[in-house]
Amino acid sequence: MDAEILTAIFRSLNAEGVRYVVFGGIPVIARGVTRATQDLDLFLDPAADNIEAARRALQRVFGDPALDDLTEATMAEYGLVRYGPPNHDFVIDLTTRIGEAFRYDDVEASSIDLHGELVPVATARMLVRMKRESPREKDRSDVVRLRERHGIEDV
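The opening position of the sequence shown corresponds to residue 183 in the working numbering, with each subsequent residue numbered one higher.
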């Protein structure tokens with residue numbers, strides 16, 4: 183993923199005051215595990231004002247009319263919206279819940295500097311909790327490597 187576009191996204195989210203936490207591959211990398219990713223996973227506070235702020239932030243970066251479909255009602259119904267920005271080779275997964283297992287308020291985060299922006303990212307412990315039951319090999323590998331790197335035994 184292009185650092186310049188990530189910086190623009192984070193800067194825009196922060197400028198709009200969006201309540202979000204980055205989870206998935208980017209925090210795994212930021213927490214010291216080398217691996218590739220082609221998506222940006224954002225856990226959003228599901229409040230209507232926050233979803234609207236996220237829509238405005240992404241609209242500022244991408245200028246895409248398709249973002250008009252990003253509404254509180256859509257997020258409430260599906261819990262996840264996958265957005266593929268035009269002219270870019272990655273996707274943004276906007277999430278307000280992962281089934282019954284995780285909601286925005288459940289996600290432990292700390293802010294770190296990513297590409298010059300202070301960004302809230304899931305803690306290593308939280309990433310292990312989120313990924314430990316996944317059937318995906320990539321997630322199981324992340325769990326093993328995060329546990330080793332951060333001395334995490336049980337979560």
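The C-beta atom is built at its ideal place from N, Cα and C for all residues, glycine as well. Remember, predicted model here, so these are calculated numbers, not experimental data.
If you look at residue 330, you'll find it in the alpha helix (DSSP H) that goes 319-332. Contact between the stretch 207-222 and the stretch 231-249 is absent: fewer than three C-beta pairs spanning the two stretches fall below 8 Å.
Fewer than three Cβ pairs drawn from the stretch 311-325 and the stretch 267-276 lie within less than 8 Å of each other, which leaves the two stretches out of contact. Counting other Cβ atoms within 10 Å of its Cβ, residue 281 stays below 16 and is therefore classed as exposed. Residue 235 sits in a helix when the DSSP states are folded into three classes. Taking the Cβ atoms as the reference, residue 228 lies roughly 7 Å from residue 258, within the contact range of under 8 Å. Out of 332, 268, 289, the CA that lies nearest to the CA of residue 247 is found in 268. Within its own chain, the residues whose Cβ lies closer than 7 Å to the Cβ of residue 289, once the five positions on either side in sequence are excluded, are 203, 205, 225, 304, 308, listed in chain order. The Cβ-Cβ distance between residue 297 and residue 192 falls below 8 Å.
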